[in-house]
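Worksheet: the structure to be examined is printed underneath.
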Amino acid sequence: MATTAEPLPELLVDQLSGRGGSSLWKDTLRNVLRQRNALVGLTLLSVLVLTAIFASQISPFGPTQDLRRTEDVARRDAPCIHALGCPTTQPQHLMGTDGNFRDVFSRVVHGSRISLQVGFLTVGFAILIGSIIGAISGYVGGAVDNVLMRLMDVLLAFPSLLLAIAILTVLGPGLINAQLAIGIVAIPIYARVLRASVLSIRELDFVAASRALGESNVGLLVRRIIPNALTPLIVQGTLGIGGAVLDVAALSFLGLGVQPPDPEWGSMIGEERNQMFSAPHLILFPGIAITLTVLAFNLLGDGLRDALDPRLNR
Amino acid sequence: MTRYILRRILVSLPVLFGIVFIVFALARVLPGDPCTAALGERTNPATCALYNARIGLDKPIPEQFAIYLGDIARGDLGTSTKYGRPVTTILLERLPLTVELGFFALTLAIVVGVPLGVVSAMRRNSIIDVATMMVANLGVSIPVFVLGLLLAYVFGVILKDTPLALPPSGRLTAGTTVHPLATVWGLQGLGGPPRAILDFVSNMYTFNAILTGNLALLGNVLSHLLLPAIALGTIPLAIVARITRSSLLDVLGQDFVRTARAKGARERRVVLRHGLGNAMLPVVTIIGLQLGGLLSGAILTETIFRLGGVGTAIFEAVESRDYSIIQAFSLIVAVAFLVVNLVVDLSYAKLDPRVRLS
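Which chain is which? The protein sequence lines are E and H, in order.
Taking numbering that gives the first Met the number 0, I'd label the letters of the first sequence as residues 0 to 313.
Taking numbering that gives the first Met the number 0, I'd label the letters of the second sequence as residues 0 to 357.
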């Protein structure tokens, strides 16, 4: 039976084909860019990502390079910037040198790689495992839901840093183990977020329609429900990256995370914390780097939440 | 209400069991032989067999778990491998300082955070609001250990010879002695739990100083506690300020507030009487949730300011791989967290009937 379809209205054609009109992502981006805080966060993050990509080009020395072989360098020397009046007879070090005669600026720049990697990997791991648990819990319901959620309650009862310390004393210190520990500790957050979304979405008409059309349970979950439940997960994940960076820095500060000589901001501070009163630059610069990184993700996360929360729609 | 309380407690029991099980399991999967970990590398197999038999490691796992549960019920949390003393004793000696520090940090967070949030909400988008929220954003982003070290540097080095100078480390000025309350009040003969409680209070030096009216000691203790309390309290402060602001803004947009304004109530009265009371529920919940963060923050804060509380004990335990202390403290903190949130939930239900009816 052939019918001649009426031409669709232009606006609808635009929306269906993704031309003009608006999509969730375009709307979100526009809303995010409209907020001052989120814009600051996005800018900071861009600078950070660029720093991490071009770390080798930006830094004048290697992150673990002992400068005694190449120049007349002093231990824990204060920052020396020629443009700001530091005598040119002294070697230039934007953020000074550390206790092992290394250039602090080069180490801080290279540290951005570790921190970004830590942030994205731990949160990615937590989101992946948490989503699987949350999706099963919310979709299957009943006893399975009850058991899984009580298990998540148990994990949530431990302060994240303390549980991570306990896990690391078992696994042994190191970057991979620290990421694993922080990741495990963060799982319940994402499991809860996805479970809540699944619970509300699975009752909606379009899911019922798909089920009526014969879609399998797995298909419903993967193709219909999860894509629509991603928004709160992205918001929580962005905020979570800031927390993960802070926690890994704290673990490294305590000597349980990244091990020397790798340039990680927390461990740089931990190594030199007793020099605070004689060489504050060794604490200050890595400290600023951690703070700005966490700030970037927090501001962006807040902005995303405001942009994606329909209750706040302007 | 009674039914709600019972149901809520009943739901917490499996979680409590799970917490104990996780702490137990973590200790049992420790890499390496617990015997060589405790007695050193050069122990011979015979000694190890004796050791394992003594601490029950030769028994099946379920039986070990049952024994562990029994030990906990008796208040026995194991023996520190580093100090060779019961962990409970070590924690009881160290806990007063940590409780004191946490108390001041949280007080600071509430006393400063709530008014800041209220002012920000009342003067929305003003300079005060923007500045407060900027500081709050920075406050949750700066690591506790960086803030602590910077505070120590500013108040201990830069402002050293000014009236604003504060001691950058330690709990008391060197040479100060604190007399236990039991001695001061002539209660040396007291024993058992009352004595333990008295000693606990006695070791919280601020309370000791207040109870004995020793103003010099009070000033001494407070000047040492101020910087650590600021370092530890900044994150909760920032969170409390943000939640107070957003919760109050939410409430101020509701109909009953419009009614209050319409009948001619002053803005101050509208905000403080009609708004704040209703806006406090989420704030109370958030304060309850800060406990865990405060205790993990204490590990970093006490280490930086060289205060000998539980936080320092954890740090030392991490360095010397003294797992029993970490295990015991994790257990105590997780259980405390569970109890505090149970209390918060129950008070929430009392304040808001909708919670217990849902």
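No residue lacks a Cβ here, since even glycine has one placed at the ideal position from N, Cα and C.
Values in this document were obtained by computation on a predicted structure and should not be read as measured data.
Exercise. Would DSSP call H:THR106 helix, strand or coil?
Worked result: helix
For this session: Report the option in H:ILE8, H:ALA335, H:LEU306 and H:LEU280 whose CA atom is closest to the CA atom of H:LEU350.
Result: H:LEU280
For this session: Check E:THR96 in the structure and name its three-state DSSP category.
Result: strand
Exercise. Start and end of the alpha helix (DSSP H) containing H:GLU62?
Worked result: 60–72
Exercise. If you measure from the beta carbon of H:ILE21 to each beta carbon in chain E, is any gap under 8 Å?
Worked result: yes
Problem set entry | the region 236–249 of chain E: positions lying closer than 8 Å to chain H by Cβ | GLY241, LEU245, ALA248 and ALA249
For this session: At 7 Å on the CB atoms, spell out the chain E contacts of H:ALA151, in chain order.
Result: MET275
Exercise. Between E:ALA1 and E:ARG223, what straight-line distance do the alpha-carbon atoms span, to the nearest angstrom?
Worked result: Because the pLDDT of E:ALA1 is 48, which lies under 50, any placement of that residue in the model is unreliable, and the number read from its coordinates should be weighed accordingly. Taking the straight line joining both Cα atoms gives about 31 Å.
Exercise. Between H:LEU107 and H:ILE229, which are expected to be in contact by the criterion C-beta below 8 Å, what is the C-beta distance as a whole number of angstroms?
Worked result: 7 Å
For this session: Give the DSSP-derived three-state secondary structure of H:CYS47 in the structure shown.
Result: helix
For this session: Check the C-beta distance from H:PHE151 over to E:MET275 and give it rounded, since I have them as a contact under 8 Å.
Result: Reading the sequence as shown, one finds Ala at residue 151 of chain H and not Phe. Contact flag correct, Cβ pair sits at about 7 Å.
Problem set entry | Unbroken alpha helix (DSSP H) run spanning H:ILE359, endpoints | Nothing can be reported for residue 359 of chain H, as the shown portion of chain H is limited to 0 through 357.
Problem set entry | Residues near H:TYR136 by beta carbon distance below 8 Å, same chain, minus five either side | Here the sequence assigns Asn to residue 136 of chain H, which means Tyr is not the residue at that position. Taken in chain order, the residues that qualify are ALA237.
Problem set entry | Closest by C-alpha distance to H:GLY145, when choosing among E:PHE60, E:ASP76, E:ILE289 and E:ILE200 | A small correction: the amino acid at residue 145 of chain H is Val; Gly does not occupy that position in the sequence shown. Ranking the options by Cα distance to H:VAL145, first place goes to E:ILE289.
For this session: Could you tell me whether any non-hydrogen atom of the ligand FAD is closer than 7 Å to the CB of H:SER79?
Result: As presented, the structure is devoid of all ligands, the ligand FAD included, so that no description of it is given.
For this session: Could you name the residues of chain E that H:PRO13 contacts, counting a contact when the two beta carbons are closer than 7 Å?
Result: ARG149
For this session: Tell me whether E:PRO78 sits in a helix, a strand or coil according to DSSP, three-state version.
Result: coil
Exercise. For E:GLY286 and chain H, any beta-carbon pair shorter than 8 Å?
Worked result: yes
Problem set entry | Contacts around E:PHE60, its chain only, beta-carbon distance under 7 Å, and the 5 residues preceding and following it disregarded | LEU66, ASP102 and SER105
For this session: Could you give the DSSP three-state label for E:THR237: helix, strand or coil?
Result: helix
Exercise. Less than 8 Å separating the beta-carbons of E:LEU283 and E:ASP97?
Worked result: no
For this session: State the DSSP-derived secondary structure class of H:PRO85, mapped to helix, strand or coil.
Result: strand
Exercise. So H:PHE328 is in the alpha helix (DSSP H); what residue range does that whole segment cover?
Worked result: 322–350
For this session: Can you tell me which of H:ARG7, H:ILE21, H:SER119 and H:GLN63 puts its alpha carbon nearest to the alpha carbon of H:LEU275?
Result: H:SER119
Exercise. Using a C-beta cutoff of 8 Å, does E:ASN297 count as contacting chain H?
Worked result: yes
Exercise. Can you find a CB in chain H that lies within less than 8 Å of the CB of E:LEU253?
Worked result: yes
Exercise. So is E:ILE113 buried or exposed if we call it buried at 16+ other beta carbons inside 10 Å?
Worked result: buried
For this session: Given a cut-off of 8 Å, decide if H:ALA259 and H:GLY116 are closer than it, judged by their beta-carbon atoms.
Result: no
Exercise. Taking DSSP as the reference, what is the three-state secondary structure of H:PRO78?
Worked result: Going by the sequence as given, residue 78 of chain H is Thr instead of Pro. Residue state, collapsed to three classes: strand.
For this session: Tell me, please, which residues DSSP counts as bridged to E:ASP102.
Result: E:THR96
Exercise. When you compare only the Cα positions, how much space is there between E:GLY171 and H:PHE103?
Worked result: 34 Å
Problem set entry | Short CB-CB distance (under 8 Å) between H:LEU299 and chain B | Annotation note: the requested chain B is absent from the structure, which comprises protein chains E and H.
Exercise. For the candidate residues E:LYS25, E:LEU220 and E:PHE252, whose alpha-carbon lies nearest to that of H:LEU148?
Worked result: E:PHE252
Problem set entry | Contact check, H:LEU226 vs H:PHE304, beta carbons under 8 Å | yes
Problem set entry | Element boundaries [alpha helix (DSSP H), containing H:GLY310] | 309–318
Exercise. Which runs of the alpha helix (DSSP H) spanning at least 4 residues fall entirely within the region 214–284 of chain E, listed in chain order?
Worked result: 225–252 and 264–271
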